[in-house]
Ligand code: PGA
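Residue numbers (the numbering used here): -9 to 210.
And the structure:
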């Protein structure tokens, strides 16, 4: 993997309609042109195609990610989106977010299938773990440490914990390690100064384009 660092992901979750996604992209496109790291935005599935079209029309450096991927390859799975259906649109997919584990009871077996399916469709998983002990399926190269207590609370994990988990993940494999959970323009710089290659920014500070831009500015 050869992505420029820092690697910054915006996860919109089930927020924003197309007009709002489009306005967000309009604000971010000029900023992304001068940002030296990687920016990945993850809108909801229905907006991936229009986002891809908009970004490719002007060769923007902003990359697209899915927020999830089906554990199934294709077939009779009503409501699912298979990796092979969106691999012309996205380069990445978040897999194993704690909201999926909790609300949709996704377990290790499900998540391992998701990683395999993403990879066989050439989509790079951004695999979320909630602590250093969570299983990382073989082949995953980007791991995001996202402690549940820090998500959406405004209280990021301590630098000591982030550093400890990032180092222990890196001792287990050659991972790119991200941190997610109340990342803000105030804490982002010191977070990426540790053994952390980037951040995953959720609803707290990615939905408002100005707040997300202030995170990128803090990193520049
Ligand atoms: P947050 O969410 O930035 O709103 O805390 C992070 C996440 O859920 O990935």
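Just so you know, even glycine gets a beta-carbon here, dropped at the ideal spot from N, CA and C.
By Cβ distance below 6 Å, which residues in the same chain neighbour residue i in space, the five residues on each side in sequence not counted?
i           : result
residue 186 : 156, 167, 169
residue -7  : 28
residue 3   : 193
residue 96  : 90
Any heavy atom of the ligand PGA closer than 7 Å to the Cβ of residue i?
i           : result
residue 86  : no
residue 186 : no
residue 124 : no
residue 172 : yes
residue 93  : no
residue 100 : no
residue 190 : yes
residue 205 : no
Whose C-beta lies closer than 7 Å to the C-beta of residue i among residues of the same chain, with five residues either side of it excluded?
i           : result
residue 138 : 88, 120
residue 65  : none
residue 62  : 70, 72
Starting from residue i, follow the beta strand (DSSP E) in both directions and report where the run begins and ends.
i           : result
residue 224 : The chain is shown only over -9 to 210; residue 224 falls outside these bounds and no answer can be derived.
residue 53  : 53 to 56
Which same chain residues end up closer than 8 Å to residue i when comparing Cβ atoms and leaving out the 5 residues on each side of it in sequence?
i           : result
residue 136 : 87, 88, 118, 119, 120, 169, 170, 171, 190
Can you tell me which residues form a DSSP beta bridge with residue i?
i           : result
residue 115 : 83
residue 28  : -3
residue 65  : DSSP output for residue 65 lists no bridge partner at all.
Measuring only from the beta carbon, is residue i closer than 7 Å to any heavy atom that is part of the ligand HEM?
i          : result
residue 11 : This structure simply doesn't include the ligand HEM; it includes the ligand PGA instead.
Please look up how many angstroms separate the CB atoms of residue i and residue j, rounded, as I've assumed it's under 8 Å.
i           : j          : result
residue 116 : residue 80 : With 8 Å as the limit, residue 116 and residue 80 do not qualify as a contact, their Cβ atoms being about 11 Å apart.
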